[in-house]
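Since the structure comes first, as structure tokens, the remarks are kept for the end.
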Amino acid sequence: MAPSSEQKQSILVTGGGGFIGTHTVLQLLREGFRVTIIDNSVPEAVDRVRDLAGPALSRNLHFFLGDLRNKEDLEKVFSETRYDAVIHVAGLKAVGVSVAKPLLYYNNNLIGTINLYEFMGKYGCKKMVFSSSATVYGQPEKIPCVEDYELGAMNPYGRTKLFLEEIARDIQKADPEWRIIHLRYSNPVGANESGHIGEDPKGIPNNLMPYIQQVAVGRLPELNVYGYAYPTKDGTAIRDYIHVMDLADGHIAALRKLFATGDIGCVAYNLGTGHGTSVLEMVAAFEKASGKKIPIKLCPRRLGDATVVYASAEKAQKELGWRAKYGIEEMCRDQWNWASKNPCGYRLQP
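Quick note: the sequence shown uses the UniProt record's numbering, first residue 1, plus one each step.
Here is the structure:
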């Protein structure tokens, strides 16, 4: 399909070398957008995106090594290219680490994003798709969560997302030219079906699926399951999981909504399957997909972890035309495909 004039617009993707970023960038290129990435690491992942996109589309991809907390980096990025919109994915994301190191999270996530808004305003780019999180709901009284629920994050990571949503609302209220969409989701998993790009955490993973994958490939001896006495059907925490390809498509659907709706203001959408899956159910699904037995160790519940969180995506289905296509089986299949082909991630050895 030939790109429309809309699809030829220029998009800045922060954190475009990360797990969500690489998959979103690949889809943007395939849809005909011009893309610039700013990221402070992982050029190998970006090279693999170029390989998957092919030579013709890769001409529309530019990479800038930089940090959103460094205003000199942002000045260079914005002065060299005019952007039609920003997809903001960059940020630290581990709940447990945020509890142990809150200042690290407030410094990285808040200051970097405030700087980004400053330079977007300076250069007249006032359209933003922001990767928020379902952690802004805290422990909701009713399930599934809907977008107008009262917000109340339970940990520093979630609070950074909540604060940034509030900051965005203030910015848009002060200047109605801004169009901002917040995407609330939890636990992106899976990988591109090629197995060429995927999640590659540094050190011991903090999220469930990369932890499972490292046990499956022999890099870790067992899976630590944090919390086994939750008031749930099997005693483990329940979350919604979303395939990273569905999530990439969700970012693009939100981007199109920004371009098409002049008075959208600042609005939030949940992205997810709308179904909760327990930790042990996810382990069983991965074992089935991989043929690998995952030894587990039951550990005390972590501070800041909610019991059950999953959200309704009906609003996104209605207003963005987006719906999750992949189920748990496909998520585990594609996660294992990536892990088995790249047991050490983007490195040749640990």
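Glycine included, each C-beta is placed from N, C-alpha and C at the ideal position.
Fair warning: this is a prediction, and the values are worked out from it, not measured in the lab.
### Task
With L303 as the anchor, note down where its alpha helix (DSSP H) starts and where it stops.
Residue numbering aside, residue 303 sits at position 303 when the sequence shown is read from its first letter. Segment: none, L303 is in no alpha helix (DSSP H) and carries neither H nor E.
### Task
Indicate the three-state DSSP secondary structure (helix, strand or coil) for Y228 in the structure shown.
Numbered from 1 along the sequence shown, position 228 holds the residue referred to as residue 228. It is coil, neither helix nor strand.
#### Entry: Complete alpha helix (DSSP H) runs within the segment 262-350 (minimum length 4 residues, chain order)
Secondary structure remark: continuous alpha helix (DSSP H) runs of at least 4 residues inside the segment 262-350, in chain order: 279-290, 314-319 and 328-341.
### Query
So the alpha helix (DSSP H) M209 belongs to, where does it begin and stop?
Mapped onto the sequence shown, residue 209 falls at position 209. Per DSSP, M209 is one residue of the alpha helix (DSSP H) stretching across L208 to A216.
#### Entry: Cα-Cα separation, F78 to V46
By 1-based counting over the sequence shown, the position of residue 78 is 78. By 1-based counting over the sequence shown, the position of residue 46 is 46. Approximately 20 Å between the Cα atoms of the pair.
### Query
Out of G195, P55 and R69, which has the shortest C-alpha to C-alpha gap to D39?
By 1-based counting over the sequence shown, the position of residue 39 is 39. Selected option, being the one with the closest Cα: R69.
### Message
Rounding to the nearest angstrom, what Cα-Cα distance links A2 and Y83 in this structure?
### Response
The residue you call residue 2 lines up with position 2 of the sequence shown. The residue you call residue 83 lines up with position 83 of the sequence shown. Interpretation of A2 is limited by its pLDDT of 36, a score under 50 that renders its predicted location unreliable; no figure is taken from the coordinates.
### Message
Strictly under 8 Å for the Cβ-Cβ distance: is K293 near chain B by that measure?
### Response
The structure shown has no chain B; it contains just one protein chain.
### Task
State the CB to CB distance for the pair H23 and N192, rounded to an integer number of angstroms; the pair is presumed to be in contact (CB under 8 Å).
For the purposes of this step, residue 23 is taken as the residue at position 23 of the sequence shown. For the purposes of this step, residue 192 is taken as the residue at position 192 of the sequence shown. The Cβ separation is near 6 Å, so the contact holds.
#### Entry: CB contact flag (P156, Y106, <8 Å)
Position 156 of the sequence shown, counting from 1, holds the residue named residue 156. Position 106 of the sequence shown, counting from 1, holds the residue named residue 106. Yes.
### Query
Helix or strand or just coil, what does DSSP make of S4?
The count along the sequence shown starts at 1 and reaches residue 4 at position 4. For S4, the predicted structure reports a pLDDT of 45, less than 50, and the residue's modelled location is therefore unreliable. A value from the coordinates is still provided. Three-state result, S4: coil.
### Task
Would you tell me roughly how many angstroms separate the C-alpha atoms of P140 and Q317, rounded to the nearest one?
Along the sequence shown, one-based indexing puts residue 140 at 140. Along the sequence shown, one-based indexing puts residue 317 at 317. Their Cα atoms are separated by approximately 22 Å.
### Task
Compare the Cα-Cα distances from L28 to each of A248, C344 and N342 and report the closest residue.
As a position in the sequence shown, residue 28 is number 28, starting the count at 1. Per the Cα distances, A248.
### Message
On the DSSP letters alone, give me the boundaries of the beta strand (DSSP E) that M120 sits inside.
### Response
Numbered from its first residue, the sequence shown carries residue 120 at position 120. First-last for M120: G112 to K122, but that is the alpha helix (DSSP H), not the beta strand (DSSP E).
### Task
Closer than 7 Å by C-beta to A56: which residues in its own chain qualify, once you throw out the five before and the five after it? Chain order, please.
The sequence position of residue 56 within the sequence shown is 56, counting from 1. Closer than 7 Å at Cβ, skipping near neighbours: no residue.
### Query
How should E329 be labelled, buried or exposed, when 16 other C-beta atoms within 10 angstroms of its C-beta is the threshold for buried?
Position 329 of the sequence shown, counting from 1, holds the residue named residue 329. Around the beta carbon of E329, fewer than 16 other beta carbons sit within 10 angstroms, so the residue counts as exposed.
### Cα-Cα separation, C145 to V309
Numbered from its first residue, the sequence shown carries residue 145 at position 145. Numbered from its first residue, the sequence shown carries residue 309 at position 309. Distance between the alpha carbons of C145 and V309: 8 Å.
#### Entry: Beta-carbon separation (whole angstroms), K233 vs S278, contact threshold 8 Å
Reading the sequence shown from its first residue, position 233 is the one you call residue 233. Reading the sequence shown from its first residue, position 278 is the one you call residue 278. Contact flag correct, Cβ pair sits at about 7 Å.
#### Entry: For L103 and T160, believed in contact at Cβ under 8 Å, the rounded distance
Start at 1 with the first residue of the sequence shown, and residue 160 comes out as number 160. Start at 1 with the first residue of the sequence shown, and residue 103 comes out as number 103. Not really, about 11 Å apart at Cβ, beyond 8 Å.
### Task
Determine contact between the segment 126-135 and the segment 168-185, defined as no fewer than three beta-carbon pairs at a distance below 8 Å.
yes
### Task
Please report how far the alpha carbon of C266 lies from the alpha carbon of K297, in whole angstroms.
Indexing the sequence shown from 1 puts residue 266 at position 266. Indexing the sequence shown from 1 puts residue 297 at position 297. When rounded, the distance between both Cα atoms is 43 Å.
### Query
What residue from E319, G124 and T236 has the CA that sits closest to L255's CA?
Walking along the sequence shown from the start, residue 255 turns up at place 255. Nearest option by C-alpha distance: E319.
### Message
Please report the distance separating the alpha-carbon of I143 from that of T307.
### Response
Here the question's residue 143 lines up with position 143 in the sequence shown. Here the question's residue 307 lines up with position 307 in the sequence shown. One C-alpha to the other measures close to 11 Å.
### Task
Might you give, ordered along the chain, the residues of its own chain that have their beta carbon closer than 8 Å to the beta carbon of residue 364, omitting 5 neighbours on each side?
The structure shown does not extend to residue 364, since the chain spans only 1 to 350, so no value can be given for it.
### Task
Using 10 angstroms around the beta-carbon of A260, count the other beta-carbons present and answer buried if the total reaches 16, otherwise exposed.
As a working mapping, residue 260 is identified with position 260 in the sequence shown. With fewer than 16 Cβ atoms within 10 Å of its Cβ, A260 is classed as exposed.
#### Entry: Same chain, Cβ closer than 6 Å to I238, five either side skipped, listed in chain order
By one-based count along the sequence shown, residue 238 stands at place 238. Excluding sequence neighbours, I238 sits near T232, G276, S278 and V308.
### Message
Using DSSP's beta-bridge definition, name the partner residues of I143.
### Response
Here residue 143 refers to the residue found at position 143 when the sequence shown is read from its first residue. Answer is none; I143 lacks a bridge partner.
### Query
My guess is that V86 and T14 are in contact by the Cβ rule of under 8 Å, so how many angstroms apart are they, rounded?
Sequence index remark: in the sequence shown, residue 86 carries index 86 (1-based). Sequence index remark: in the sequence shown, residue 14 carries index 14 (1-based). Right, the Cβ-Cβ distance comes to about 7 Å (below 8 Å), so this counts as a contact.
### Alpha carbon of S213 to alpha carbon of L280, nearest angstrom
Counted from its first residue, the sequence shown places residue 213 at position 213. Counted from its first residue, the sequence shown places residue 280 at position 280. Contrary to the premise, residue 213 reads as Gln rather than Ser in this sequence. Their backbone Cα atoms lie some 14 Å apart in a straight line.
#### Entry: Among K8, E31 and D67, nearest to G17 - alpha-carbon criterion
Residue 17 sits at position 17 when you count from the first residue of the sequence shown. Among K8, E31 and D67, the Cα nearest to that of G17 belongs to D67.
### Message
Using CA atoms only, rank isn't needed, just tell me which of E31, L164 and P201 is closest to C344.
### Response
For the purposes of this step, residue 344 is taken as the residue at position 344 of the sequence shown. Answer by Cα proximity: P201.
### Message
For a test of the three-state rule: what should DSSP assign to L183, helix, strand or coil?
### Response
Numbered from 1 along the sequence shown, position 183 holds the residue referred to as residue 183. Looking at L183 - three-state DSSP - the assignment turns out to be strand.
### Message
Within the continuous alpha helix (DSSP H) that includes S79, where are the two ends?
### Response
Numbered from its first residue, the sequence shown carries residue 79 at position 79. It spans K71 to E80 - the alpha helix (DSSP H) in which S79 sits, taken as one unbroken run.
### Message
Can you list, in chain order, the residues of its chain with a C-beta nearer than 6 Å to that of C299? Leave out the 5 residues immediately preceding and following it.
### Response
Counting from 1 along the sequence shown, the entry for residue 299 is found at position 299. Closer than 6 Å at the Cβ level, and outside the excluded window around C299, lie N224 and Y226.
### Message
Is it buried or exposed, residue 356, if we count other Cβ atoms within 10 angstroms and call 16 or more buried?
### Response
Because residue 356 is not part of the residues shown, which for the chain are 1 to 350, the question remains open.
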